[in-house]
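K.L.:
Encoded as structure tokens, here's the structure I'll be asking about.
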Amino acid sequence: MYGAFQPWAASLTSSRGIPAVHLAPFGAASMSFSHHHYARWDEHFPFPELCLKDHEKKSFDSLFEFLYYNVFYQDKDANFVNYKLSYEVVLLKTSRGFEGKYIDYVSSITNKRILAVSPLVTDADQTEEESSEILQWLSRKK
Numbered sequence: 162m163y164g165a166f167q168p169w170a171a172s173l174t175s176s177r178g179i180p181a182v183h184l185a186p187f188g189a190a191s192m193s194f195s196h197h198h199y200a201r202w203d204e205h206f207p208f209p210e211l212c213l214k215d216h217e218k219k220s221f222d223s224l225f226e227f228l229y230y231n232v233f234y235q236d237k238d239a240n241f242v243n244y245k246l247s248y249e250v251v252l253l254k255t256s257r258g259f260e261g262k263y264i265d266y267v268s269s270i271t272n273k274r275i276l277a278v279s280p281l282v283t284d285a286d287q288t289e290e291e292s293s294e295i296l297q298w299l300s301r302k303k
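Residue numbers for the sequence shown follow this note's numbering, so the first one is 162 and each next one is one higher.
Listed below in structure tokens is the structure:
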């Protein structure tokens with residue numbers, strides 16, 4: 162499993178015959194808009210509630226431009242490389258109840274099965290004692 166800024170991990174594992182799955186920290190609504198905005202800009206976007214105003218698009222484009230030049234080193238597929246490299250499925254940190262129609266749209270445009278996963282950490286209010294017990298258990302799993 163790899164995160165948003167780790168496409169190298171998917172490339173490395175797949176070169177060794179190990180499938181990698183992308184865990185996307187962004188919801189399906191934002192991914193459906195950004196994919197459409199950059200990859201299918203000449204087609205009708207089916208969710209007008211997500212459309213940005215011109216000044217918002219400029220801010221959005223500035224972010225992607227920064228990522229393009231400074232994080233992904235001018236790779237034209239940088240914005241969607243994680244979806245392309247993910248083996249058969251992409252995990253989205255969202256809920257089908259909230260974003261079902263966007264999940265289906267992202268799946269259709271990326272040709273990937275999209276699985277909604279709840280937050281991986283559900284209780285951040287653990288005591289130090291509980292936390293150390295978990296860490297001790299993990300330390301034995303070598």
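Glycine included, C-beta positions come from ideal geometry on N, C-alpha and C. Note that this is a predicted model, so its numbers are computed, not measured.
1. Taking Ser-172 as the reference, which of Thr-271, Ser-293 and Lys-245 has the closest Cα?
2. Near Phe-206, which residues of its chain fall below 6 Å by C-beta distance, leaving aside the five closest residues on each side in sequence?
3. Buried or exposed for Asn-243, please, with buried defined as at least 16 other CB atoms from any protein chain shown within 10 angstroms of its CB.
4. With which residues is His-183 paired in a DSSP beta bridge?
5. Return the chain-ordered list of same chain residues with a C-beta closer than 7 Å to the C-beta of Arg-257, the five sequence neighbours on each side being excluded.
6. Helix, strand or coil for Leu-213 per DSSP?
7. Just to confirm my understanding: we take Arg-274, look at its own chain, exclude 5 residues before and 5 after, and list those with CB closer than 7 Å. What are they?
8. Give the secondary structure of Arg-257 by DSSP, where H, G and I count as helix, E and B as strand, and everything else as coil.
9. Which same chain residues, not among the five before or five after Pro-168, have their C-beta less than 7 Å away from its C-beta?
10. Between Thr-255 and Ala-189, is the Cβ-Cβ spacing less than 8 Å?
P.N.:
Reading from the atomic positions:
1. Looking up residue 172 in the sequence shown gives position 11. Of Thr-271, Ser-293 and Lys-245, the residue nearest in Cα terms is Lys-245.
2. Here residue 206 refers to the residue found at position 45 when the sequence shown is read from its first residue. Hits under 6 Å: His-197.
3. Translated into positions along the sequence shown, residue 243 becomes position 82. Within 10 angstroms of the beta-carbon of Asn-243 lie 16 or more other beta-carbons, which makes it buried.
4. Counting from one through the sequence shown, the residue named residue 183 turns up at place 22. In the DSSP output, where bridge partners are listed per residue, His-183 has Tyr-163 and Val-251.
5. Residue mapping note: residue 257 aligns to position 96 of the sequence shown, counting from 1. For Arg-257, where only same-chain residues beyond five positions count, the Cβ hits under 7 Å are Ile-264 and Ala-277.
6. Taking the first residue of the sequence shown as position 1, residue 213 is located at position 52. Correct three-state label for Leu-213: coil.
7. Within the sequence shown, the letter at position 113 stands for residue 274. Closer than 7 Å at the Cβ level, and outside the excluded window around Arg-274, lie Glu-249, Val-250 and Ser-268.
8. The residue you call residue 257 lines up with position 96 of the sequence shown. If DSSP states are grouped into helix, strand and coil, Arg-257 belongs with the helices.
9. What you label residue 168 is simply residue 7 of the sequence shown in a count that begins at 1. Same-chain partners within the cutoff: Val-242, Asn-243 and Leu-246.
10. Numbered from its first residue, the sequence shown carries residue 255 at position 94. Numbered from its first residue, the sequence shown carries residue 189 at position 28. Yes, the Cβ-Cβ distance between Thr-255 and Ala-189 is below 8 Å.
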